[in-house]
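Undergrad: If you're matching them up, the sequences are chains H and U in order.
So our numbering is basically just the index in the first sequence, starting at one, shifted up by 6.
So our numbering is basically just the index in the second sequence, starting at one, shifted up by 6.
Don't be surprised by glycine CBs; every beta carbon is placed ideally from N, CA and C.
There are 2 protein chains.
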Amino acid sequence: MTEYIDLTRLIRDGLKAYPGDRNTILKKSKFLEKDSYNNYLLETGMHTGTHIDSPMHLTDNPNFLYEYPLDCFIGHGVIIDAGELKGDKNGKKFQTKIKDRDVVLLYTGKAELFGSDEYFEYTPDISEEFLNLLIEKNIKMLGMDCSSPDKFPFPVHRKLFSNKTLMIENLVNLDFLLNVEEFEIIALPLKIEADSSIARVIAKIEH
Amino acid sequence: MTEYIDLTRLIRDGLKAYPGDRNTILKKSKFLEKDSYNNYLLETGMHTGTHIDSPMHLTDNPNFLYEYPLDCFIGHGVIIDAGELKGDKNGKKFQTKIKDRDVVLLYTGKAELFGSDEYFEYTPDISEEFLNLLIEKNIKMLGMDCSSPDKFPFPVHRKLFSNKTLMIENLVNLDFLLNVEEFEIIALPLKIEADSSIARVIAKIEH
Numbered sequence: 007m008t009e010y011i012d013l014t015r016l017i018r019d020g021l022k023a024y025p026g027d028r029n030t031i032l033k034k035s036k037f038l039e040k041d042s043y044n045n046y047l048l049e050t051g052m053h054t055g056t057h058i059d060s061p062m063h064l065t066d067n068p069n070f071l072y073e074y075p076l077d078c079f080i081g082h083g084v085i086i087d088a089g090e091l092k093g094d095k096n097g098k099k100f101q102t103k104i105k106d107r108d109v110v111l112l113y114t115g116k117a118e119l120f121g122s123d124e125y126f127e128y129t130p131d132i133s134e135e136f137l138n139l140l141i142e143k144n145i146k147m148l149g150m151d152c153s154s155p156d157k158f159p160f161p162v163h164r165k166l167f168s169n170k171t172l173m174i175e176n177l178v179n180l181d182f183l184l185n186v187e188e189f190e191i192i193a194l195p196l197k198i199e200a201d202s203s204i205a206r207v208i209a210k211i212e213h
Numbered sequence: 007m008t009e010y011i012d013l014t015r016l017i018r019d020g021l022k023a024y025p026g027d028r029n030t031i032l033k034k035s036k037f038l039e040k041d042s043y044n045n046y047l048l049e050t051g052m053h054t055g056t057h058i059d060s061p062m063h064l065t066d067n068p069n070f071l072y073e074y075p076l077d078c079f080i081g082h083g084v085i086i087d088a089g090e091l092k093g094d095k096n097g098k099k100f101q102t103k104i105k106d107r108d109v110v111l112l113y114t115g116k117a118e119l120f121g122s123d124e125y126f127e128y129t130p131d132i133s134e135e136f137l138n139l140l141i142e143k144n145i146k147m148l149g150m151d152c153s154s155p156d157k158f159p160f161p162v163h164r165k166l167f168s169n170k171t172l173m174i175e176n177l178v179n180l181d182f183l184l185n186v187e188e189f190e191i192i193a194l195p196l197k198i199e200a201d202s203s204i205a206r207v208i209a210k211i212e213h
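#1: When you compare the CB of Lys-105 of chain H with every CB in chain U, is at least one pair closer than 7 angstroms?
#2: As an exercise, report each continuous beta strand (DSSP E) stretch of at least 3 residues that is fully enclosed by the region 155-207 of chain H, in chain order.
#3: Got a sec? Which residues, its chain only, sit under 6 angstroms from Glu-47 of chain H by beta carbon, not counting five neighbours each side?
#4: Closest to Ile-208 of chain U by C-alpha separation, out of H:Thr-114, H:Ile-80, H:Thr-54, would be which residue?
#5: Starting from Tyr-125 of chain U, trace the alpha helix (DSSP H) both ways and give me its first and last residue.
#6: So for Lys-141 of chain H, helix, strand or coil by DSSP?
#7: For chain U, find out if any of its Cβ atoms is closer than 7 angstroms to the Cβ of Asp-151 of chain H; answer yes or no.
#8: Ala-209 of chain H bridges to which residues according to DSSP?
#9: By the 7 angstroms beta-carbon criterion, what residues does the region 199-210 of chain H contribute toward chain U?
#10: By the criterion of Cβ-Cβ separation under 8 angstroms, what are the contact partners of Ser-168 of chain H in chain U?
#11: For Lys-157 of chain U, which residues of its own chain have a beta-carbon under 7 angstroms away from its beta-carbon, when the five flanking residues on both sides are left out?
#12: With a threshold of 8 angstroms, are at least 3 pairs of Cβ atoms found where one atom belongs to the region 23-30 of chain U and the other to the region 73-87 of chain U?
#13: Tell whether a beta-carbon distance below 7 angstroms holds between Thr-171 of chain H and Ile-192 of chain H.
#14: What's the gap between the Cα of Met-7 of chain H and the Cα of Ile-211 of chain H?
#15: I need the straight-line Cα distance from Phe-120 of chain U to Ile-198 of chain H, nearest angstrom please.
#16: Would you say Tyr-142 of chain H lies against chain U (beta-carbon separation less than 7 angstroms)?
#17: From Leu-183 of chain H to Asp-87 of chain H, what does the alpha carbon distance come to, in whole angstroms?
#18: Closer than 7 angstroms between beta carbons: that is the criterion. Which residues of the region 46-59 of chain H meet it against chain U?
#19: Can you name the residues of chain U whose CB is closer than 8 angstroms to the CB of Pro-130 of chain H?
#20: On a CA-only basis, which of U:Gly-89, U:Tyr-113, U:Val-84, U:Lys-116 is nearest Gln-101 of chain U? Give me that one, please.
#21: List the endpoints of the continuous alpha helix (DSSP H) containing Lys-40 of chain U.
#22: Are the CB atoms of Leu-194 of chain H and Leu-194 of chain U nearer to each other than 7 angstroms?
#23: Specify the secondary structure class of His-82 of chain U as computed by DSSP and reduced to three states.
#24: Rounded to a whole number of angstroms, what is the C-alpha to C-alpha distance between Asp-181 of chain U and Leu-64 of chain H?
#25: Under 7 angstroms, Cβ to Cβ, is there at least one residue of chain H near Tyr-10 of chain U?
#26: Along the chain, where does the beta strand (DSSP E) that runs through Met-147 of chain U open and close?
#27: Return the Cβ separation of Gly-51 of chain H and Asn-176 of chain H in integer angstroms, given the expectation that the two are a contact with Cβ distance under 8 angstroms.
#28: Give me the Cβ distance between Met-150 of chain H and Ile-58 of chain H, rounded to the nearest whole Å; I'm assuming they're in contact under 8 angstroms.
#29: Of all the options H:Leu-38, H:His-82, H:Phe-70, which has the alpha carbon lying nearest to the alpha carbon of Val-186 of chain H?
#30: Take Asn-179 of chain U and list the residues in its own chain whose beta-carbon comes closer than 7 angstroms to its own, dropping the five residues that flank it on each side.
#31: Rounded to whole angstroms, how far is the Cβ of Leu-91 of chain U from the Cβ of Ile-141 of chain U, which I believe are closer than 8 angstroms?
#32: Who does Tyr-46 of chain U pair with in a DSSP beta bridge?
#33: Return the chain-ordered list of same chain residues with a C-beta closer than 6 angstroms to the C-beta of Leu-196 of chain H, the five sequence neighbours on each side being excluded.
#34: DSSP state of Asp-87 of chain U, grouped into three classes?
#35: Reducing DSSP to helix, strand and coil, say where Leu-76 of chain H ends up.
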C-alpha cells in the first residue's frame, strides 16, 4: 500500500510572507450564479508559504527554476531532528544516515508558529561541518519546517546554491516522518519563468 | 532507470487565459542589485495554463481542491489518441485498455496551437459511450492537451464532476507518451483554498 503525506502549507487569502514581501492575495474572481463558473485569482510571491529556492534567488545564476531537470525535485528522503544538530561538531553523526543525492529534511518543530515574529526570526543550528557533509553527499534538496536556514548574508543559502542544491522552506507535517524508515519526497514547483516557486511537496511511503 | 517527462506548459508573463479570464501576469518584484535578492510576483487565475479542475468549478460542490486526497492526483496512466475516439460508437475499443482508477490522457495534437482562437474553440469527440466507460472505470483524472473537453453547458465536465472525477487541461508533450507501454502520472496542484488549481504535471517511466 502506498501512503502519501502532505508537507505543504495551505495557500489562502492573507498567507503571511517573509518580512519584506507581500502577503498572498487569493480572491474569488468568478461566481457560479453570475458567471456560470467559479474561478479564483491568486497573487503571490515565489517565496511565500511552502516553496523551492533555486540559486537565482540570491546569486547571478542565469537559470530559471523551470530549467532544472525534474529529477532534482524527486528523491529518497531522510529526516533529521534539528535538535540533534547542536551537539554535532563534525557532521560524523550523519555521515552514514545521509546518502548520495538524498533529499534531506530538517524537523525544527517551528511550523506551528508560522506567521509570528518568532517563526520568521528562528534559524536552525547548521554548522559548517554539517553543511560540508550536505555538499559532499551532493544532496538534491534541503527542506525544513521553518522560514529559512539562515539570515543575511545567508551563508547556508549561498553554500548550497554554489553546489546548485535547491532548498524547500515552510514545510509542515514533518513530525509524521520522524519514525518512518523509508520515504520518497516529491516536491513539484510550478513550471515558471522565475527564480524560485511555490510548490506542492509530499512524502510517499510504501507499506 | 527512471525517466520523467514534463507535461506542463511554462508559466510566463502574458500566458493566455481561456476566453473570459485574465491572462497571467508574472513580474520581477525584487532585484538582487537593489534588494539583495530576487523574487517574482505571479497573478493568475486557477484555469490558466496547465491546471486541474474539480467539481466546484461548475457545480455547488462545497469541497475546495485542497480537500481531495493526494491519491487522486497520482496514478497509472493510459493515453488515447483523440483521433481514434471518432469511430468509437460504443466505447468497446477502450474497455480493456482503461483500467480501474487510471489517469486517462487524451492526445489531441492541438498543444502547438495554444493561444489561438482555434486552440480555445477546439473540443475532442467524446461520445456518451466513452464518457460512460470513464465513469464505469471510476478513473481518477481525465487529462488532455487542449483547453476543454466541451463547451457550454459543459456536459463532459458535469458528467465527470458528478462522479468526483478531476480533469487536467492544457497539457503538453503528450506525443512523447504515445508509444510508452507503462507510465505513472503525477499531477500536483497547489494546496490552495480554491475550486481548481494550476498544477505541475509529469509522467514517470521506469526503464
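TA: Based on what the coordinates show:
#1: Residue mapping note: residue 105 of chain H aligns to position 99 of the first sequence, counting from 1. With 7 angstroms as the cut-off, Lys-105 of chain H does not count as an interface residue toward chain U.
#2: 172-175, 189-195
#3: Here residue 47 of chain H is taken as the residue at index 41 of the first sequence, counted from 1. Reading off the sequence shown, one finds Leu at residue 47 of chain H, where the question assumed Glu. Once the five neighbours on either side are set aside, the close Cβ partners of Leu-47 of chain H are Lys-33, Ser-35.
#4: Translated into positions along the second sequence, residue 208 of chain U becomes position 202. It is H:Ile-80 whose Cα lies nearest to the Cα of Ile-208 of chain U.
#5: Here residue 125 of chain U refers to the residue found at position 119 of the second sequence. Segment 123-127, the alpha helix (DSSP H) holding Tyr-125 of chain U.
#6: The residue given as residue 141 of chain H occupies position 135 in the first sequence. Here the sequence assigns Ile to residue 141 of chain H, which means Lys is not the residue at that position. Correct three-state label for Ile-141 of chain H: helix.
#7: Taking the first residue of the first sequence as position 1, residue 151 of chain H is located at position 145. It does not; no Cβ of chain U falls within 7 angstroms.
#8: Here residue 209 of chain H refers to the residue found at position 203 of the first sequence. According to DSSP, which records beta bridges pairwise, Ala-209 of chain H is partnered with H:Ile-11, H:Ile-191.
#9: Glu-199, Ala-200, Asp-201, Ile-204, Arg-206, Ile-208
#10: For this step, residue 168 of chain H is matched to residue 162 along the first sequence. None at all; the shortest Cβ gap to chain U is about 15 angstroms.
#11: To locate residue 157 of chain U, count along the second sequence from 1; it is residue 151. So the list reads Thr-129, once near-sequence residues are dropped.
#12: no
#13: Taking the first residue of the first sequence as 1, we reach residue 171 of chain H at position 165. Taking the first residue of the first sequence as 1, we reach residue 192 of chain H at position 186. Going by C-beta atoms, Thr-171 of chain H is not nearer than 7 angstroms to Ile-192 of chain H.
#14: Counting from one through the first sequence, the residue named residue 7 of chain H turns up at place 1. Counting from one through the first sequence, the residue named residue 211 of chain H turns up at place 205. Distance between the alpha carbons of Met-7 of chain H and Ile-211 of chain H is about 8 angstroms.
#15: Numbered from 1 along the second sequence, position 114 holds the residue referred to as residue 120 of chain U. Numbered from 1 along the first sequence, position 192 holds the residue referred to as residue 198 of chain H. The alpha-carbon atoms of Phe-120 of chain U and Ile-198 of chain H are separated by roughly 17 angstroms.
#16: Translated into positions along the first sequence, residue 142 of chain H becomes position 136. Just to set this straight, residue 142 of chain H is Glu in the shown sequence, not Tyr. For Glu-142 of chain H, the answer is no, since every Cβ of chain U falls outside 7 angstroms of its Cβ.
#17: On the first sequence, residue 183 of chain H is found 177 positions in, with the first residue counted as 1. On the first sequence, residue 87 of chain H is found 81 positions in, with the first residue counted as 1. Whole-angstrom Cα-Cα distance: 10 angstroms.
#18: Tyr-46, Leu-47, Leu-48, Glu-49, Thr-50, Gly-51, Met-52, His-53
#19: In the first sequence, the residue the question calls residue 130 of chain H occupies position 124. Those within 8 angstroms of Pro-130 of chain H in chain U number zero; the least Cβ separation is about 20 angstroms.
#20: If you number the second sequence from 1, residue 101 of chain U lands on position 95. The residue with the shortest Cα to Cα distance from Gln-101 of chain U is U:Val-84.
#21: On the second sequence, residue 40 of chain U is found 34 positions in, with the first residue counted as 1. Here the alpha helix (DSSP H) through Lys-40 of chain U covers 38-41.
#22: Counting from one through the first sequence, the residue named residue 194 of chain H turns up at place 188. Counting from one through the second sequence, the residue named residue 194 of chain U turns up at place 188. Contact: yes.
#23: Position 76 of the second sequence, counted from the first residue, corresponds to residue 82 of chain U. Here His-82 of chain U sits in strand by DSSP.
#24: For this step, residue 181 of chain U is matched to residue 175 along the second sequence. For this step, residue 64 of chain H is matched to residue 58 along the first sequence. If I take the Cα positions, the gap works out to 37 angstroms.
#25: For this step, residue 10 of chain U is matched to residue 4 along the second sequence. Judged by the 7 angstroms Cβ criterion, Tyr-10 of chain U is in contact with chain H.
#26: Numbered from its first residue, the second sequence carries residue 147 of chain U at position 141. Per DSSP, Met-147 of chain U belongs to the beta strand (DSSP E) from 147-150.
#27: What you label residue 51 of chain H is simply residue 45 of the first sequence in a count that begins at 1. What you label residue 176 of chain H is simply residue 170 of the first sequence in a count that begins at 1. Gly-51 of chain H to Asn-176 of chain H, Cβ: 12 angstroms. No contact.
#28: The residue you call residue 150 of chain H lines up with position 144 of the first sequence. The residue you call residue 58 of chain H lines up with position 52 of the first sequence. Contact flag wrong, Cβ pair sits at about 12 angstroms.
#29: Within the first sequence, numbered from 1, the residue matching residue 186 of chain H stands at position 180. Of the listed residues, the one whose Cα sits closest to Val-186 of chain H is H:His-82.
#30: To locate residue 179 of chain U, count along the second sequence from 1; it is residue 173. Excluding sequence neighbours, Asn-179 of chain U sits near Ile-11, Asp-12, Leu-13.
#31: Within the second sequence, numbered from 1, the residue matching residue 91 of chain U stands at position 85. Within the second sequence, numbered from 1, the residue matching residue 141 of chain U stands at position 135. That pair is no contact at about 16 angstroms.
#32: Numbered from 1 along the second sequence, position 40 holds the residue referred to as residue 46 of chain U. Bridge partners of Tyr-46 of chain U: U:Lys-34.
#33: Stepping through the first sequence from its first residue, residue 196 of chain H is reached at position 190. Hits under 6 angstroms: Ser-203.
#34: Walking along the second sequence from the start, residue 87 of chain U turns up at place 81. In this structure, Asp-87 of chain U counts as strand in the three-state DSSP scheme.
#35: Translated into the one-based positions of the first sequence, residue 76 of chain H becomes position 70. Helix, per DSSP.
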